[in-house]
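Residues in the sequence shown are numbered consecutively from 42, following my numbering. No residue lacks a Cβ here, since even glycine has one placed at the ideal position from N, Cα and C. Note that the coordinates shown come from a computational prediction; the quantities given were computed from them, not determined experimentally.
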Amino acid sequence: MKNSFCIRLVFVALLLLVTPIYAAAPWIIRISGDPLAKPIFMTDWHENQKLLVAVKQAADVSEESLAKRPHLKLALFWGPDWINYTKSGKTLEQLRHEDGNQFGRFFPAYRGAEAVFTLDSPAPNHAPQRRRIDEDGLKLLKKYGLPLSLE
């Protein structure tokens, strides 16, 4: 009886440790806007997690300065509904920007200013989080054909 309780306790503890890991990245990231001819979809959960880890450092840039810069729109698709989206017969091209659960922008490097990644807060009346993108994140975006610099 005591062993059974200990085994269940260990199982629950492991479950609690593992579960947050799977909630740490969106299943799909949709990237759109000029100069892209069509939206780009990032559907590898592990790469999406790497991208979010790559934007952990705050950027020292004002919202006003970003308003003058070219950017791409981001839509992040979080949660279990998106795990099997394409397996259900739907195509990624059917996903609209506004279908996302969270939104943001990618500002490529521009006129000497570094690249910046913003994520809108899910809480109303909060400014977007402005983040720097490390080298790993830039390499990942380049792999998908995103422009890293617009001059």
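Pick from Ala66, Gly74 and Ala65 that is closest to Arg137, judged by C-alpha positions: Gly74
Those runs of the beta strand (DSSP E) which lie wholly inside the stretch 109–159 and span at least 3 residues: 113–118 and 143–148
Alpha-carbon to alpha-carbon, Phe82 and Ile174: 19 Å
Gln90 (DSSP reduced to helix, strand or coil): helix
Residues that DSSP places opposite Gln170 in a beta bridge: Leu160
Reduced DSSP secondary structure (H/G/I, E/B, other) of Ala66: coil
Through-space distance from Ser129 to Leu92, alpha-carbon basis: 26 Å
Inter-residue spacing [alpha-carbon to alpha-carbon] between Asn89 and Pro188: 18 Å
First and last residue of the uninterrupted alpha helix (DSSP H) at Asp101: No alpha helix (DSSP H) contains Asp101, which DSSP labels as neither H nor E.
Buried versus exposed call for His112 [16 or more other C-beta atoms within 10 Å across all chains shown]: buried
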